[in-house]
Amino acid sequence: MPEGHTIHRLAGAFNSLFAGRAVETVSPQGRFIAGAELLSGRTIVRAQAWGKHLFVHFDDEFSHTWHVHLGLYGSWTFAGDGTIEVTEVIGAPRRRVSEGEVEIAVVDESFPPPPRGQVRLRILEKHAVADLTGPTTCAVRTVDEVQRVIARLGPDPLHPDADAECFIVALQRRRIPIAAALMDQSVIAGIGNIYRAEALFRAGVDPMKPSNAVSIEDAMAIWHDLVELMTDGVKVGRIITTKTSPHHSRFTAYLSQSLAPTGPFYVYQRTGLGCEVCATPIAMTELAGRKLYWCLTCQSSS
DNA sequence: GGAAAATGATTAT
DNA sequence: TAATCCTTTTCCG
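Position in the first sequence (first residue = 1) + 1231 = this note's numbering.
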């Protein structure tokens, strides 16, 4: 269950573990046998993230780029034989990667460990394994196809050279609620249900406000806040939005005298609980099939 | 042991 | 708006 930060973290893990190495690939589950055969024995050149899409470029990458989208519940499990040096945590038993945690576990039993669950693709290298389960997209692409996928995506706050203007313009072109616009990957890539709710709260913006009615200042504030939040998300491997203070002036009085919230979120999955800022019960509604959380007081229009 | 939910997105009606 | 795909985990009886 990933948002953009998870995928960027994943790309980093792939680059440090597999870049420049030949790998064997198999589909234990049997649903990606053709793809696994196409990739097996090839060298991984590099991995790249754009929004929630992961691209692993195999040699040769003109026709062999592996495209993965985790969807709502895709996940990765990594395991190492204990001999490799990685910057990631090396810890306890091998465990499932869900909330962006990329951990290399030292396996005391055998290496490689048997695949657990419905493993669509296993990538095997001498000292490390990566197992993929439950992806919504898992396909081998040509360069052209990769370009077509990327062309449909808006700027990604995690890219150093991302075009914030592009995001602003896209917002001004729609009148759907800003909360819906933030989930549109062609407007901004990598935002999911948590980041959108939290960013809107931190900016003090009413989620139902039409996208094109949000001020440029607020839109820019949201962009820059997302750059910060997501960069931190990549670093720590999970989303925490309560560690730093919202910049919105609405919160100033509160911030000078209060304690930091204990949970990781201000509004996400906090329906009915008191707002950390004003104690108003957090509201929840369904918007385009996803749950939307917000504070009626802190995020009221006008 | 079964239902529901989950950090998603596309396709059909 | 609804149905659909993909899978695991959590909660409830």
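Heads up, the beta-carbon is just placed ideally off N, CA and C, and yes, glycines get one too.
Any idea what DSSP makes of residue i, helix, strand or coil?
i, result
"residue 1284", "strand"
"residue 1427", "helix"
"residue 1364", "strand"
"residue 1306", "strand"
"residue 1536", "Lying before the first or after the last residue shown, residue 1536 is absent from the chain, which here runs from 1232 to 1533."
"residue 1529", "coil"
"residue 1393", "coil"
"residue 1403", "helix"
"residue 1270", "helix"
"residue 1435", "coil"
"residue 1338", "Caution is warranted here: a pLDDT of 46 is assigned to residue 1338, below 50, making its placement in the model unreliable, and no coordinate value can be reported."
Under 8 Å Cβ to Cβ from residue i, same chain only, skipping five residues before and after it: list those, please.
i, result
"residue 1383", "1416, 1417"
"residue 1513", "1498, 1501, 1502, 1503, 1504, 1505, 1506, 1524, 1525, 1526"
"residue 1292", "1276, 1374"
According to the neighbour-count rule (16 or more other Cβ atoms, all chains shown, within 10 Å of its Cβ), is residue i buried or exposed?
i, result
"residue 1496", "buried"
"residue 1328", "Its pLDDT being 41, under 50, residue 1328 is placed unreliably by the model, and the measurement read from it follows with that caveat. With 16 or more other Cβ atoms within 10 Å, it is buried."
"residue 1396", "exposed"
"residue 1303", "exposed"
"residue 1447", "exposed"
"residue 1472", "buried"
"residue 1248", "buried"
"residue 1306", "buried"
"residue 1491", "exposed"
"residue 1375", "exposed"
"residue 1233", "buried"
"residue 1313", "exposed"
Using C-beta distances below 7 Å, list every residue in its chain close to residue i, excluding the 5 sequence neighbours before and after it, in chain order.
i, result
"residue 1214", "No answer is possible for residue 1214: it lies beyond the span of the chain, which begins at 1232 and ends at 1533."
"residue 1411", "1518, 1519"
"residue 1246", "1277, 1278"
Among residues of its own chain, excluding the 5 on either side of residue i, which ones have a beta-carbon nearer than 6 Å to its beta-carbon?
i, result
"residue 1516", "1523"
"residue 1457", "1388, 1430"
"residue 1209", "Residue 1209 is absent from the model: the chain starts at 1232 and stops at 1533."
With residue i and residue j assumed to form a contact (beta carbons below 8 Å), what rounded beta-carbon distance in angstroms separates them?
i, j, result
"residue 1352", "residue 1271", "Wrong, their Cβ atoms sit about 10 Å apart, outside the cutoff."
"residue 1356", "residue 1252", "5 Å"
"residue 1435", "residue 1509", "That belief does not hold up - the Cβ atoms of residue 1435 and residue 1509 are roughly 11 Å apart, past 8 Å."
"residue 1236", "residue 1311", "Actually they do not touch by this definition, with Cβ atoms about 22 Å apart."
"residue 1362", "residue 1386", "Not quite, the Cβ-Cβ distance comes to about 31 Å (not below 8 Å), so this is no contact."
Stretch-stretch touch, CB-based, cutoff 8 Å, three pairs: the stretch 1393 to 1411 with the stretch 1436 to 1445: The stretch 1393 to 1411, when compared against the stretch 1436 to 1445, does touch it at the 8 Å Cβ threshold.
Any chance the stretch 1263 to 1283 sits against the stretch 1364 to 1373, with 3 or more Cβ pairs inside 8 Å? Because the criterion of three Cβ pairs below 8 Å is met, the stretch 1263 to 1283 and the stretch 1364 to 1373 touch.
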